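Sequence order for the protein chains is A and B. Number 363 in our numbering belongs to position 282 of the first sequence; there are no gaps in the numbering. Number 134 in our numbering belongs to position 53 of the second sequence; there are no gaps in the numbering.
Protein chains: 2
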Amino acid sequence: MTTRKEVARLAGVSEATVSRTLSGSAAVKPATRHRVLKAAKTLNYTPSAVARSFARGRSGNLGVVMPYVPKVHLLSAHYFSELLSGIGDAVRESGYSLMLLFRSPDERIDYVSHFHSRKVDALVVLGARDRAAEVEALRRLREEKLPFCLVNQYYADEAFPAVEADHREGSALAVRFLLRRGCTRIAFLNGPGDYSNSADRLRGYRQALREAGIRPDSRLLFAGNYSHKSGYAASLDIAGRIPEIDAVFAANDRMAIGLMQGLKERGIVPGRDVAVVGYDDSDAAKLADPPLTSVRVPLFEMGRLAALRVLEQAERGDWFPFHEKLETEMVVRKSCGGETAVI
Amino acid sequence: MTTRKEVARLAGVSEATVSRTLSGSAAVKPATRHRVLKAAKTLNYTPSAVARSFARGRSGNLGVVMPYVPKVHLLSAHYFSELLSGIGDAVRESGYSLMLLFRSPDERIDYVSHFHSRKVDALVVLGARDRAAEVEALRRLREEKLPFCLVNQYYADEAFPAVEADHREGSALAVRFLLRRGCTRIAFLNGPGDYSNSADRLRGYRQALREAGIRPDSRLLFAGNYSHKSGYAASLDIAGRIPEIDAVFAANDRMAIGLMQGLKERGIVPGRDVAVVGYDDSDAAKLADPPLTSVRVPLFEMGRLAALRVLEQAERGDWFPFHEKLETEMVVRKSCGGETAVI
DNA sequence: TTGTACGCGTTATCAT
DNA sequence: ATGATAACGCGTACAA
Numbered sequence: 082m083t084t085r086k087e088v089a090r091l092a093g094v095s096e097a098t099v100s101r102t103l104s105g106s107a108a109v110k111p112a113t114r115h116r117v118l119k120a121a122k123t124l125n126y127t128p129s130a131v132a133r134s135f136a137r138g139r140s141g142n143l144g145v146v147m148p149y150v151p152k153v154h155l156l157s158a159h160y161f162s163e164l165l166s167g168i169g170d171a172v173r174e175s176g177y178s179l180m181l182l183f184r185s186p187d188e189r190i191d192y193v194s195h196f197h198s199r200k201v202d203a204l205v206v207l208g209a210r211d212r213a214a215e216v217e218a219l220r221r222l223r224e225e226k227l228p229f230c231l232v233n234q235y236y237a238d239e240a241f242p243a244v245e246a247d248h249r250e251g252s253a254l255a256v257r258f259l260l261r262r263g264c265t266r267i268a269f270l271n272g273p274g275d276y277s278n279s280a281d282r283l284r285g286y287r288q289a290l291r292e293a294g295i296r297p298d299s300r301l302l303f304a305g306n307y308s309h310k311s312g313y314a315a316s317l318d319i320a321g322r323i324p325e326i327d328a329v330f331a332a333n334d335r336m337a338i339g340l341m342q343g344l345k346e347r348g349i350v351p352g353r354d355v356a357v358v359g360y361d362d363s364d365a366a367k368l369a370d371p372p373l374t375s376v377r378v379p380l381f382e383m384g385r386l387a388a389l390r391v392l393e394q395a396e397r398g399d400w401f402p403f404h405e406k407l408e409t410e411m412v413v414r415k416s417c418g419g420e421t422a423v424i
Numbered sequence: 082m083t084t085r086k087e088v089a090r091l092a093g094v095s096e097a098t099v100s101r102t103l104s105g106s107a108a109v110k111p112a113t114r115h116r117v118l119k120a121a122k123t124l125n126y127t128p129s130a131v132a133r134s135f136a137r138g139r140s141g142n143l144g145v146v147m148p149y150v151p152k153v154h155l156l157s158a159h160y161f162s163e164l165l166s167g168i169g170d171a172v173r174e175s176g177y178s179l180m181l182l183f184r185s186p187d188e189r190i191d192y193v194s195h196f197h198s199r200k201v202d203a204l205v206v207l208g209a210r211d212r213a214a215e216v217e218a219l220r221r222l223r224e225e226k227l228p229f230c231l232v233n234q235y236y237a238d239e240a241f242p243a244v245e246a247d248h249r250e251g252s253a254l255a256v257r258f259l260l261r262r263g264c265t266r267i268a269f270l271n272g273p274g275d276y277s278n279s280a281d282r283l284r285g286y287r288q289a290l291r292e293a294g295i296r297p298d299s300r301l302l303f304a305g306n307y308s309h310k311s312g313y314a315a316s317l318d319i320a321g322r323i324p325e326i327d328a329v330f331a332a333n334d335r336m337a338i339g340l341m342q343g344l345k346e347r348g349i350v351p352g353r354d355v356a357v358v359g360y361d362d363s364d365a366a367k368l369a370d371p372p373l374t375s376v377r378v379p380l381f382e383m384g385r386l387a388a389l390r391v392l393e394q395a396e397r398g399d400w401f402p403f404h405e406k407l408e409t410e411m412v413v414r415k416s417c418g419g420e421t422a423v424i
């Protein structure tokens with residue numbers, strides 16, 4: 082591993098000049114500059130990132146907290162893959178490196194220490210949940226005004242920096258779409274209420290119905306847990322009520338697909354006998370039979386935005402709990418009977 | 082940010098004693114040790130990871146190279162999610178941090194510089210392809226005997242450290258399974274031949290047939306590109322040849338699902354009129370209609386093993402091009418008509 | 001068992 | 001435009 086000193090010696094300049102040349106932090110006479118670059122190339126010199134971080138007092142890393150392994154399965158690979166890609170995009174653009182931090186289930190949550198150990202300059206937290214330990218850990222980050230950002234999760238009583246999609250509007254989009262298709266008895270299969278997402282979706286569902294002069298009917302509400310299985314389970318109840326129920330809006334694609342599977346087993350054809358809309362526009366939506374109409378969530382963009390915002394805060398040092406909401410869009414496929422399209 | 086010096090002062094000891102106490106690198110008298118720990122706790126001290134890396138001359142990071150974004154979509158989120166989880170598991174266990182490195186499409190591939198800049202101590206390369214620039218970059222790593230490892234890719238002419246699944250045997254498993262079910266005219270829908278995977282699968286397919294005294298028939302070979310669409314396209318050819326063809330083995334789940342969709346549109350019921358087997362046992366296999374029999378690839382374990390091996394090489398400094406092959410297993414679902422099971 | 005002292009490879013601040 | 005030099009916070013060899 083060649084060091085700056087060797088380059089300086091070969092180029093016949095001081096170490097400081099080598100630094101200036103390679104970092105471009107100050108002007109260097111072209112001739113000198115040339116000599117240095119040549120020497121660096123000859124010696125195959127690459128500055129030490131570690132030494133640089135040390136001298137600068139910053140790691141140059143953006144940390145991304147992932148939920149512990151079993152939960153990754155639960156929340157779908159597509160979700161994290163898209164978010165990470167977006168974060169990766171922002172990180173590369175900003176000249177940072179991306180440090181992946183997995184949370185283990187047992188250990189006490191401690192986000193602050195990642196900053197104290199200077200492992201990261203900023204943090205994006207994925208898959209956070211509404212649990213006391215989690216909130217406590219986030220509060221400590223806020224107390225020290227450390228640059229962090231939640232994605233797709235917020236807390237009713239706490240103002241934390243966050244980026245999310247507008248799930249209320251996304252759900253309203255789905256319901257309005259079904260209403261335009263002529264559906265009036267629209268069932269809603271939601272996930273657990275302790276995700277901020279779920280509550281938002283219910284609001285959107287109700288809002289769209291009211292806009293159309295329809296009074297939300299609690300007999301059209303079904304409870305799932307975002308799993309394929311719970312969608313299938315719901316189909317047992319729903320199948321018997323078709324055609325009274327003429328459409329089902331499910332809070333994610335997995336439940337929608339489980340639902341469709343159950344319906345099909347009972348001879349009910351989604352897209353013909355009942356319209357079905359999912360949420361997330363995951364890969365599975367495209368592969369489903371029939372292909373599933375869904376609400377696309379701009380995960381890539383959300384990851385990107387969260388990373389850019391949090392790095393900006395890290396560099397400028399001006400902490401405040403921003404809250405960004407990105408737009409969703411409908412992706413229409415055959416599960417509603419019509420043609421494929423994006424609205 | 083408190084430093085060692087402050088802790089030492091508060092505890093009334095030297096900085097060296099603080100280091101020894103917190104790292105456990107040498108014996109410290111219990112009483113002293115207690116004072117130091119108390120002081121550290123009082124001051125909320127966390128050693129700087131950057132300074133530690135600097136002093137040790139190692140970053141403490143394992144780098145994971147991801148293919149550039151568009152390709153992530155192509156190779157399925159499930160794939161990377163599982164691998165990354167496995168790598169994360171090993172990394173945590175080994176006390177390292179995980180640095181995610183995205184490759185951009187345009188820039189010249191340069192893995193070596195990650196070592197020269199001391200950003201990482203070891204490297205796991207995911208989604209490598211058989212291209213000249215890639216091979217060249219890997220060769221440079223080998224020349225310098227740097228600790229790296231490929232996952233699920235090898236090169237015929239080059240001995241690089243790699244961890245993969247036994248795709249030849251995995252494919253043979255699938256075909257043997259179909260043979261036991263009584264199928265004899267088994268079609269094979271493969272992916273592009275320039276992935277080492279694809280070639281291995283073809284070998285396994287042929288081997289299993291020969292074992293059963295059946296001569297491989299090139300008219301039963303179909304070419305796809307691992308996409309859902311190409312599976313659908315193949316169904317156009319295959320549909321007309323059923324029941325002459327009594328089973329189809331597809332080289333991944335996406336193609337299998339596209340195929341099933343196309344067949345269903347022509348009134349052919351997978352699992353009844355023709356057996357279908359996929360490969361990967363992705364989430365989509367479970368969600369497919371009918372649920373897809375598939376070959377499970379131990380991605381988590383592969384990621385874990387690759388990381389452990391490469392970190393071991395990094396620490397012991399004994400470079401050699403190991404090549405590990407992990408076993409696959411059949412996951413039987415309804416697309417072959419029978420009951421759900423794991424063989 | 002504990003303390004002293006140096007080195008690690010940069011960045012950044014001062015002189016020149 | 002360039003050089004000298006002081007941090008930066010830790011590990012560790014050596015001395016006590």
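Positions of the beta carbon are idealized from the N, C-alpha and C atoms, including for glycine. These figures come from a predicted structure and were not determined experimentally.
3-residue-minimum beta strand (DSSP E) runs that sit fully inside the segment 133 to 191 of chain B, ordered along the chain: Listed in chain order, they are 142 to 147 and 178 to 183.
For residue 162 (chain B) and residue 162 (chain A), believed in contact at Cβ under 8 Å, the rounded distance: Taking the first sequence and counting its residues from 1, the one referred to as residue 162 (chain A) is at position 81. Taking the second sequence and counting its residues from 1, the one referred to as residue 162 (chain B) is at position 81. About 6 Å; that satisfies the 8 Å criterion.
Alpha helix (DSSP H) segment containing residue 278 (chain B), residue limits: Counting from one through the second sequence, the residue named residue 278 (chain B) turns up at place 197. Boundaries of the alpha helix (DSSP H) harbouring residue 278 (chain B): 277 to 292, taken from the DSSP string.
Delimiting residues of the beta strand (DSSP E) encompassing residue 326 (chain A): Here the question's residue 326 (chain A) lines up with position 245 in the first sequence. Counted as a single uninterrupted DSSP element, the stretch harbouring residue 326 (chain A) is not any beta strand (DSSP E), since DSSP gives it neither H nor E.
Residue 193 (chain A) beta carbon less than 8 Å from that of residue 222 (chain A): By one-based count along the first sequence, residue 222 (chain A) stands at place 141. By one-based count along the first sequence, residue 193 (chain A) stands at place 112. Taking a C-beta distance under 8 Å as the contact criterion, residue 222 (chain A) and residue 193 (chain A) qualify as a contact pair.
Per-residue DSSP class, three states only, for residue 229 (chain B): Numbered from its first residue, the second sequence carries residue 229 (chain B) at position 148. Here residue 229 (chain B) sits in strand by DSSP.
Pair within 8 Å by beta-carbon distance, residue 417 (chain B) and residue 327 (chain B): Numbered from its first residue, the second sequence carries residue 417 (chain B) at position 336. Numbered from its first residue, the second sequence carries residue 327 (chain B) at position 246. Against a cut-off of 8 Å, the Cβ pair of residue 327 (chain B) and residue 417 (chain B) comes out as no contact.
Residue 333 (chain A) versus residue 370 (chain B): straight-line alpha-carbon distance, rounded: Stepping through the first sequence from its first residue, residue 333 (chain A) is reached at position 252. Stepping through the second sequence from its first residue, residue 370 (chain B) is reached at position 289. Each residue's Cα considered, the two are about 18 Å apart.
Those runs of the alpha helix (DSSP H) which lie wholly inside the segment 341 to 381 of chain B and span at least 4 residues: The qualifying runs are 364 to 368.
Inter-residue Cα distance where the pair is residue 286 (chain B) and residue 293 (chain A): Looking up residue 286 (chain B) in the second sequence gives position 205. Looking up residue 293 (chain A) in the first sequence gives position 212. Between the alpha carbons of residue 286 (chain B) and residue 293 (chain A) lies a gap of roughly 58 Å.
Min CB distance residue 228 (chain B) to chain A below 8 Å: To locate residue 228 (chain B), count along the second sequence from 1; it is residue 147. For residue 228 (chain B), the answer is no, since every Cβ of chain A falls outside 8 Å of its Cβ.
Option nearest residue 195 (chain B) by Cα separation, candidates B:186, B:208, B:180 and B:209: Here residue 195 (chain B) refers to the residue found at position 114 when the second sequence is read from its first residue. For residue 195 (chain B), the nearest C-alpha among the options comes from B:180.
Nearest-angstrom Cα separation, counted from residue 253 (chain B) out to residue 342 (chain A): Counting from 1 along the first sequence, the entry for residue 342 (chain A) is found at position 261. Counting from 1 along the second sequence, the entry for residue 253 (chain B) is found at position 172. Taking the straight line joining both Cα atoms gives about 31 Å.
Positions along the segment 191 to 215 of chain B whose CB lies within less than 8 Å of some CB in chain A: Taking 8 Å as the Cβ-Cβ cut-off, the segment 191 to 215 of chain B approaches chain A at 194, 197, 198, 199 and 200, given in chain order.
Cβ of residue 345 (chain A) within 8 Å of any chain B Cβ: As a working mapping, residue 345 (chain A) is identified with position 264 in the first sequence. It does; some Cβ of chain B falls within 8 Å.
Own chain, CB closer than 7 Å to residue 124 (chain B), minus 5 neighbours either side, in chain order: Walking along the second sequence from the start, residue 124 (chain B) turns up at place 43. Only 83, 87, 88 and 91 meet the Cβ criterion.
Buried or exposed (CB count within 10 angstroms, at least 16 for buried), residue 389 (chain A): Translated into positions along the first sequence, residue 389 (chain A) becomes position 308. Label assigned to residue 389 (chain A): buried.
Status (buried if at least 16 other CB within 10 Å, exposed otherwise) for residue 351 (chain A): As a position in the first sequence, residue 351 (chain A) is number 270, starting the count at 1. With 16 or more other Cβ atoms inside 10 Å of its own Cβ, residue 351 (chain A) counts as buried.
Interface flag, residue 310 (chain A) vs chain B, CB-CB below 8 Å: By 1-based counting over the first sequence, the position of residue 310 (chain A) is 229. Residue 310 (chain A) does not count as touching chain B.
Minimum Cβ-Cβ distance from residue 102 (chain A) to chain B less than 8 Å: Translated into the one-based positions of the first sequence, residue 102 (chain A) becomes position 21. Answer no: the Cβ-Cβ gap between residue 102 (chain A) and chain B never drops below 8 Å.
Residues that DSSP places opposite residue 267 (chain B) in a beta bridge: Within the second sequence, the letter at position 186 stands for residue 267 (chain B). BP columns for residue 267 (chain B) point to B:328.
Cβ pair residue 131 (chain A), residue 229 (chain B) closer than 8 Å: Here residue 131 (chain A) refers to the residue found at position 50 of the first sequence. Here residue 229 (chain B) refers to the residue found at position 148 of the second sequence. Not a contact, by the Cβ cut-off of 8 Å.
Beta-carbon proximity list for residue 95 (chain B), same chain, < 7 Å, skipping 5 on both sides: Reading the second sequence from its first residue, position 14 is the one you call residue 95 (chain B). Correct list, in chain order: 89.
Chain A contact residues for residue 430 (chain B), given Cβ-Cβ distances below 9 Å: The first residue shown for chain B is 82 and the last is 424, placing residue 430 (chain B) beyond what the model contains.
Sequence-distant residues of the same chain with beta carbon closer than 7 Å to residue 216 (chain A), five excluded per side: Reading the first sequence from its first residue, position 135 is the one you call residue 216 (chain A). The answer, listed in chain order, is 236 and 239.
Collapsed DSSP secondary structure at residue 196 (chain B) in the structure displayed: Counting from 1 along the second sequence, the entry for residue 196 (chain B) is found at position 115. Reduced to three states, the DSSP call for residue 196 (chain B) is helix.
Burial state of residue 317 (chain B), where buried means 16 or more other Cβ atoms lie within 10 Å: Indexing the second sequence from 1 puts residue 317 (chain B) at position 236. Its Cβ having fewer than 16 others within 10 Å, residue 317 (chain B) is exposed.
Chain B contact for residue 113 (chain A) (CB, 8 Å cutoff): On the first sequence, residue 113 (chain A) is found 32 positions in, with the first residue counted as 1. No, residue 113 (chain A) lies away from the interface with chain B (no Cβ there is under 8 Å from its Cβ).
CB contact check: residue 98 (chain B) to chain A, cutoff 8 Å: Stepping through the second sequence from its first residue, residue 98 (chain B) is reached at position 17. No, no contact with chain A.
Closer than 8 Å to chain A by CB, residue 119 (chain B): Working through the second sequence from its first residue, we reach residue 119 (chain B) at position 38. No - not a single Cβ of chain A is within 8 Å of the one on residue 119 (chain B).
Residue 207 (chain A) - DSSP class collapsed to helix/strand/coil: By one-based count along the first sequence, residue 207 (chain A) stands at place 126. In this structure, residue 207 (chain A) counts as coil in the three-state DSSP scheme.
CA-to-CA distance, residue 360 (chain A) to residue 100 (chain A), given in whole angstroms: Along the first sequence, read from residue 1 onward, the residue named residue 100 (chain A) stands at position 19. Along the first sequence, read from residue 1 onward, the residue named residue 360 (chain A) stands at position 279. Computed Cα separation, rounded: 52 Å.
Expected contact under 8 Å - CB spacing of residue 311 (chain B) and residue 339 (chain B) to nearest Å: Position 230 of the second sequence, counted from the first residue, corresponds to residue 311 (chain B). Position 258 of the second sequence, counted from the first residue, corresponds to residue 339 (chain B). At roughly 7 Å, the Cβ-Cβ gap stays under 8 Å, so residue 311 (chain B) and residue 339 (chain B) are in contact.
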